[in-house]
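Under my numbering, the sequence shown is numbered contiguously, ending at residue 792. We put the beta carbon where it would ideally sit given N, CA and C, even for glycine. A quick write-up on the structure given underneath.
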Amino acid sequence: MNLNDSRQPEQKLQTDAAIQNVALIAKTMEQERLAEEQRLLAGNRPIASSAPDKSEPGANSLTTLAPKRAQPKHKKPETFIAATPGGDKLVMRKKKSKKKAKKPA
């Protein structure tokens, strides 16, 4: 496709060279990234052990786990009244109950 290009031939050559350089750098970076990912994946592979496979969970009734201990029941803290600064007297006030007066019949 040939469009009207208003650039000078030198500018076009310079731009094409820069594009090729950037493409080469991008390809190199991608290869480095893929190599790094492969290296990391190789390090995360599980090591094959020569230990025998464990038997099924219900086959052996002996376990190495200790049974859970019962947690002690927590006591509720005693009620208290917060002292206010400068308050010498601690007075507990009961809420007044509202009773409806009975209407005489």
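If we ignore side chains and look at the alpha-carbon of each, how far apart do residue i and residue j end up?
i	j	result
E717	S693	34 Å
Q707	L690	21 Å
K760	A770	29 Å
R756	A729	43 Å
L700	T715	23 Å
N731	E723	13 Å
What is the DSSP secondary structure of residue i, counted as helix, strand or coil?
i	result
T702	helix
T771	coil
Q718	helix
R731	Checking the displayed sequence, the identity of residue 731 turns out to be Asn instead of Arg. The answer is coil: DSSP assigns N731 none of H, G, I, E or B.
Q707	helix
R694	coil
A675	This structure leaves residue 675 out entirely; the chain is present only between 688 and 792.
E723	helix
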